[in-house]
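Read through the structure below, which is laid out as structure tokens, and then see the notes.
See below:
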């Protein structure tokens, strides 16, 4: 799925400004942003509920603007709260959505019910369901037609810890085994950290950062391109080690590598690719520095999030 | 085409799997039975089947109309109020087709409610008063046509009611698509349709050519049956009234096209925001 320079203006107010994202197949992609940053607006545009002012969204080769029915066929989604027909049973709700896509058998409905753990209550009316159960029903309707792109807006909202874990494991399995691309928005940063391969952070309608969440500089999402990670070297003389590295290592632009020296802890911190870590170690050892430990440090997503959004509650 | 039938089946499920619709339809049956039975017990002079039917139809028809308007007004707006519209529109169906399936289900409900009124009225009166054959429409419904049978009048009456119900229901459906709040849509539609009859009385006094094109003057199509006086119940102060069945149908068709076009335009173009 691709978002190409997506812009949404309402009146003269720009809600989404030139947003471009590219999601490879089988990736679990997180979509983060403070309240009012345009997450839900973006999702509404992705599923065709809102029109794009400019740009285009392409899902599996079909544009949501010009070829809606074909594009949306591949999408399963929850947009905000999973509102269902309260006066119908859970089963009839699923049947309702199953009828709208050709080729969904009763077996598939039963399979999805089992998967979301709703077996015991599926014949009850939805008005008797708890928020967590409605959320499960929401996930069930999104999965019915085996979509290749799953868009979930705050899917863990209202789920108990066991439910969250189940959902997380299931989403990861979908991505790996069936190649489903999963697009999740959430405020729960720790949750995103456990679930996602990459996250995009938006603020005031603008994309401000995309980060890979697989630590150690190895890109685990199969894109083949390494992303540097933070590495901490624990050494006996951090200042000397830093000087040594800065003399030897140049970044691609030819400037000395950026280092963070933590004398008190006796360590230095720097960004490195996985392959380079051994080289760096060799360099230090040859320079007579005693290396006690090498660790890759991943900042918590919460730290990163606050860092890039400046911790403001921007509306 | 088969798939579109599934869409209509969905809409029907959403109408008939609710308790309220059965209360509405049950009320029509119960009311018709209650009136007949109470009349047969309390009346001092002997009553007949054809004597009661016009009275019952006069009471049940407006009620059935109101129920149809409620269902139509809730059809689109209800989805917005419940928030379910989001999940409904992210299926591989264009918005026009989703709207059409809703519209079809509403028309089917109009048809169904008229059938309920028809059957219950006849069956109940037949049971209470016994069958009465060979009655002419002139005696029971005061038509100009002296030959027409009462049966034939009633059948035409239901056809006319179906046409005018279709127009009012389409108006309610348009309001439903435009306002997106089922409370407002139901209230506004009922207000317009109920005000219509008093408004048409008032407009009868206005001596301007545009008055002839006001929708409310044309909703009572039953007055044309059997060559009845077209001005029955209306006061056209000294004007040469162009009112004929053909003219009324043409005016209604004009409104119908406008209502449909607006419903479609609003529903397919507007963003679905929170």
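Protein chains in written order, with my numbering: chain A, 3 to 317; chain B, 235 to 508.
Beta carbons are placed, not taken as given, at the ideal position from N, Cα and C, and that holds for glycine.
Neighbourhood of residue i by C-beta distance below 7 angstroms, restricted to the same chain and skipping five residues each side
| i | result |
| --- | --- |
| residue 242 (chain A) | 291 |
| residue 337 (chain B) | 407 |
| residue 259 (chain B) | 347 and 350 |
| residue 320 (chain A) | The question about residue 320 (chain A) has no answer here: the residues shown for chain A are numbered 3 through 317. |
| residue 343 (chain B) | 249, 302 and 305 |
| residue 327 (chain B) | 241 |
| residue 158 (chain A) | 166, 169, 188, 190 and 193 |
| residue 352 (chain B) | 392 |
Separation of residue j from residue i, as counted between CA atoms
| i | j | result |
| --- | --- | --- |
| residue 48 (chain A) | residue 66 (chain A) | 7 angstroms |
| residue 10 (chain A) | residue 213 (chain A) | 24 angstroms |
| residue 385 (chain B) | residue 367 (chain B) | 9 angstroms |
| residue 33 (chain A) | residue 142 (chain A) | 21 angstroms |
| residue 20 (chain A) | residue 485 (chain B) | 49 angstroms |
| residue 254 (chain B) | residue 374 (chain B) | 34 angstroms |
| residue 283 (chain B) | residue 372 (chain B) | 15 angstroms |
| residue 498 (chain B) | residue 309 (chain A) | 47 angstroms |
| residue 304 (chain B) | residue 26 (chain A) | 48 angstroms |
| residue 270 (chain B) | residue 295 (chain B) | 16 angstroms |
| residue 276 (chain B) | residue 443 (chain B) | 49 angstroms |
| residue 266 (chain A) | residue 274 (chain A) | 22 angstroms |
| residue 509 (chain B) | residue 162 (chain A) | Because residue 509 (chain B) is not part of the residues shown, which for chain B are 235 to 508, the question remains open. |
| residue 299 (chain B) | residue 310 (chain B) | 18 angstroms |
| residue 80 (chain A) | residue 149 (chain A) | 12 angstroms |
| residue 147 (chain A) | residue 74 (chain A) | 11 angstroms |
| residue 15 (chain A) | residue 60 (chain A) | 25 angstroms |
| residue 174 (chain A) | residue 209 (chain A) | 25 angstroms |
| residue 57 (chain A) | residue 504 (chain B) | 18 angstroms |
| residue 203 (chain A) | residue 77 (chain A) | 22 angstroms |
| residue 17 (chain A) | residue 43 (chain A) | 8 angstroms |
| residue 110 (chain A) | residue 412 (chain B) | 37 angstroms |
| residue 62 (chain A) | residue 4 (chain A) | 9 angstroms |
Residues near residue i in its chain [Cβ-Cβ closer than 6 angstroms; skip 5 each side]
| i | result |
| --- | --- |
| residue 398 (chain B) | 453 and 455 |
| residue 507 (chain B) | none |
| residue 448 (chain B) | 437 |
| residue 246 (chain A) | 289 |
| residue 187 (chain A) | 33, 41 and 155 |
| residue 327 (chain A) | Residue 327 (chain A) lies beyond the residue range present for chain A, which begins at 3 and ends at 317; the question has no answer from this structure. |
| residue 64 (chain A) | 72 and 73 |
Opening and closing residue of the beta strand (DSSP E) in which residue i lies
| i | result |
| --- | --- |
| residue 177 (chain A) | That residue, residue 177 (chain A), is in no beta strand (DSSP E); it is neither H nor E in DSSP. |
| residue 269 (chain A) | 269-274 |
| residue 214 (chain A) | 208-214 |
| residue 322 (chain B) | Run containing residue 322 (chain B): none in the beta strand (DSSP E); it sits in the alpha helix (DSSP H), 319-323. |
| residue 241 (chain A) | First-last for residue 241 (chain A): 240-250, but that is the alpha helix (DSSP H), not the beta strand (DSSP E). |
| residue 262 (chain A) | 261-264 |
| residue 236 (chain A) | 231-237 |
| residue 486 (chain B) | Residue 486 (chain B) -> not in any beta strand (DSSP E); alpha helix (DSSP H) instead, spanning 479-503. |
| residue 1 (chain A) | For residue 1 (chain A) there is no data in the structure shown, the boundaries of chain A being 3 and 317. |
| residue 10 (chain A) | 4-12 |
Residues near residue i in its chain [Cβ-Cβ closer than 8 angstroms; skip 5 each side]
| i | result |
| --- | --- |
| residue 472 (chain B) | With a pLDDT of 42 at residue 472 (chain B), under the threshold of 50, the predicted position of this residue should be treated as unreliable, and no value is reported. |
| residue 296 (chain A) | 233, 234, 235, 236, 279 and 283 |
| residue 139 (chain A) | 84, 86, 92, 95, 96, 118, 120, 128 and 131 |
| residue 262 (chain A) | 270, 271 and 272 |
| residue 308 (chain B) | 410, 416, 419 and 420 |
| residue 274 (chain B) | 281, 362 and 363 |
| residue 370 (chain B) | 380, 381, 382, 383 and 384 |
| residue 51 (chain A) | 81 |
For residue i, the first and last residue of its enclosing alpha helix (DSSP H)
| i | result |
| --- | --- |
| residue 272 (chain B) | 253-276 |
| residue 329 (chain B) | 329-363 |
| residue 310 (chain B) | 283-316 |
| residue 374 (chain B) | 371-375 |
| residue 190 (chain A) | Per DSSP, residue 190 (chain A) belongs to no alpha helix (DSSP H) and is neither H nor E. |
Contact test: residue i Cβ vs the ligand SAM heavy atom, cutoff 8 angstroms
| i | result |
| --- | --- |
| residue 54 (chain A) | Ligands displayed in this structure: none; no statement on the ligand SAM is therefore possible. |
Open item on the list: Can you pull out the residues from the stretch 315-339 of chain B whose beta carbon lies closer than 7 angstroms to at least one beta carbon of chain A?
Closed with: 316, 317, 318, 320, 321, 323, 324, 325, 326, 327 and 328
TODO: Could you tell me which uninterrupted beta strand (DSSP E) segments, each at least 3 residues in length, are contained entirely in the stretch 108-142 of chain A, listed from first to last along the chain?
DONE: none
- [ ] Could you list the residues in the stretch 240-267 of chain B with a C-beta less than 8 angstroms from some C-beta on chain A, going in chain order?
- [x] 240, 241, 243, 244, 247, 248, 251, 252 and 253
Task: Whole beta strand (DSSP E) elements within the stretch 404-442 of chain B, 3-residue minimum - done: none
- [ ] Report the residues of the stretch 67-80 of chain A with a CB closer than 7 angstroms to any CB of chain B, ordered along the chain.
- [x] 70, 71, 74, 75, 77 and 79
Open item on the list: By the 7 angstroms beta-carbon criterion, what residues does the stretch 472-506 of chain B contribute toward chain E?
Closed with: Going by chain labels, chain E is absent from the structure shown, which instead holds the protein chains A and B.
TODO: Give, in chain order, every residue of the stretch 99-112 of chain A whose Cβ lies closer than 8 angstroms to some Cβ of chain B.
DONE: 99, 101, 102, 103 and 104
Task: Near-chain A residues of the stretch 372-401 of chain B (beta-carbon distance less than 9 angstroms), N- to C-terminal order - done: none
Task: Contact list for the stretch 129-155 of chain A against chain B, Cβ threshold 7 angstroms - done: 143
Task: Secondary structure, alpha helix (DSSP H): runs of 4+ residues fully inside the stretch 16-103 of chain A - done: 41-48, 70-74 and 92-101
TODO: Return the residues of the stretch 47-67 of chain A that lie within a Cβ-Cβ distance of less than 8 angstroms from chain B, sorted by chain order.
DONE: 49, 50, 51, 52 and 53
TODO: Taking a Cβ distance cut-off of 8 angstroms, strictly less, list which residues of the stretch 81-92 of chain A are near chain B, in chain order.
DONE: 81, 82, 83, 84, 85, 86, 87, 88, 89 and 90
Task: Short-range partners of chain A found in the stretch 418-452 of chain B, where Cβ spacing is below 9 angstroms - done: none
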